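S.K.: Structure below; questions to follow.
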Amino acid sequence: MGTGLIPVFFAAALAVLGAIIGSFTANLCLRWPRGEGVVVGRSRCDACGRTLGVGELLPILSFLATRGRCKSCRVPIDPLHWRVETASAAIGFVAVFAFGAGVQAMAIALLGWLLVPLAILDWRHFWLPNRLTLVVAATGLALGGWASTEPLVNRLAAGAIGYLSLAAIASTYRLLRRVEGMGRGDPKLFGALGLWLGIAAMPIMLLLAALVGIIVAIVKRDARSGREPVAFGTMLCVAALPAMLIAHISII
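In structure tokens:
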């Protein structure tokens, strides 16, 4: 087998793994806010409750085969399933071609998969669960050295600076305006991401997140007329991997 084929097969393997993880992620994002169990119990139709067969559990493919409807009740399946599965597969595939077929790509793909549920839950419910943020922080401590070229001390400093900076901004806004201007989960997430990215990528991520947030705010205001809150945690999740790539390219 030629060495040129190794990245392709590696990317395909991470894409398949990402799609499988995305299937679980979609269920988590739909069921957790409703107070339903995610880990226990077999997958079922959200409308009629029928337990799904093996052929209906194939990420992306089963959605295409059933044309997005339950075989029994014919109720449309929430498109979040195929969207999350596709996005998670894309994260694994792109990570290989952006960072090479190696441990770094695997670590960065893992970070991307962890950020997907946080991005969705914050976008839909303005909710950044502490348990998910803690997982991002813990894996950043353990695996961040594979994703970033910065030493542990720099990543620890980035985590502390990330949390304290946004927490200070949120506290100042709350003190001056007497209202919440930022969710309490945003500083925690920014700090957790610092343990992955290190100091160099943090300003890039914050800038990208702010730019995306401004665009989203303008679009939402034009679409609905009036001031709409922006899920800044989602913006941080979207900006994290591009910031890592920019920092990686600048180092090279």
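The opening position of the sequence shown corresponds to residue 1 in UniProt numbering, with each subsequent residue numbered one higher.
Positions of the beta carbon are idealized from the N, C-alpha and C atoms, including for glycine.
Computed from a prediction, not measured in an experiment: that's the story for all the values here.
Please report the straight-line C-alpha distance between M1 and F99, rounded to a whole angstrom.
M.R.: Bear in mind that a pLDDT of 43 at M1, under 50, signals an unreliable position, so the number given afterwards is only what the model happens to contain. Each residue's Cα considered, the two are about 21 Å apart.
S.K.: Take the Cβ of residue 302 as the centre, count every other Cβ of all protein chains shown within 10 Å, and call the residue buried at 16 or more, exposed below.
M.R.: There is no way to answer for residue 302, as the model of the chain reaches only from 1 to 252.
S.K.: So the alpha helix (DSSP H) T139 belongs to, where does it begin and stop?
M.R.: Taken as a continuous stretch (DSSP letters only), the alpha helix (DSSP H) holding T139 covers N130 to A147.
S.K.: Answer yes if the segment 116-132 comes into contact with the segment 24-40, meaning at least three C-beta pairs across the two stretches below 8 Å, and no otherwise.
M.R.: At 8 Å Cβ cutoff, the stretches touch.
S.K.: Between G68 and P79, is the Cβ-Cβ spacing less than 9 Å?
M.R.: It is a contact, given that the beta carbons lie within the stated cut-off.
S.K.: Can you tell me which of the three DSSP states M1 falls into?
M.R.: The pLDDT assigned to M1 is 43, lower than 50, so where the model puts this residue is not dependable; a value taken from the coordinates is nonetheless given after this. In this structure, M1 counts as coil in the three-state DSSP scheme.
S.K.: Specify the secondary structure class of P76 as computed by DSSP and reduced to three states.
M.R.: Here P76 sits in strand by DSSP.
S.K.: What did DSSP end up calling R83 once you bin it into helix, strand or coil?
M.R.: In this structure, R83 counts as helix in the three-state DSSP scheme.
S.K.: How is the alpha helix (DSSP H) around C29 delimited, first residue to last?
M.R.: Its alpha helix (DSSP H) spans residues I6 to R31.
S.K.: Helix, strand or coil for T51? Go by DSSP, reduced to three states.
M.R.: Strand at T51.
S.K.: Can you tell me the Cα-Cα spacing of residue 253 and G18, whole angstroms?
M.R.: No statement about residue 253 is possible, as the shown extent of the chain runs from 1 to 252 and does not include it.
S.K.: Let me make sure I understand the geometry here. Which of V96, L189 and A168 has the alpha-carbon closest to that of E180?
M.R.: Here the closest residue by C-alpha is A168.
S.K.: Between G162 and A87, how many whole angstroms is the CB-CB distance? I'm expecting something under 8 Å.
M.R.: About 24 Å separates the two Cβ atoms, so there is no contact after all.
S.K.: With DSSP run on the structure shown, which of helix, strand or coil describes R67?
M.R.: Three-state DSSP puts R67 in coil, outside helix and strand.
S.K.: Quick check on this structure: which residue in E228, I246, V116 and S148 has the alpha carbon closest to the alpha carbon of L189?
M.R.: Of E228, I246, V116 and S148, the residue nearest in Cα terms is V116.
S.K.: Buried or exposed for L164, please, with buried defined as at least 16 other CB atoms from any protein chain shown within 10 angstroms of its CB.
M.R.: Exposed is the call here.
S.K.: What are the boundary residues of the alpha helix (DSSP H) that includes I161?
M.R.: That run of the alpha helix (DSSP H) goes L152 to R177.
S.K.: Looking only at its chain, what residues have a beta carbon closer than 7 Å to the beta carbon of L208, apart from the 5 residues adjacent to it on each side?
M.R.: A239, P242 and A243, listed in sequence order.
S.K.: Which residue from L143, E150 and I6 puts its Cα closest to that of M106?
M.R.: When only C-alpha atoms are compared, the closest one is L143.
S.K.: Apply the 10 Å Cβ neighbour rule to H81 and answer buried if 16 or more other Cβ atoms are within range, or exposed otherwise.
M.R.: H81 comes out buried.
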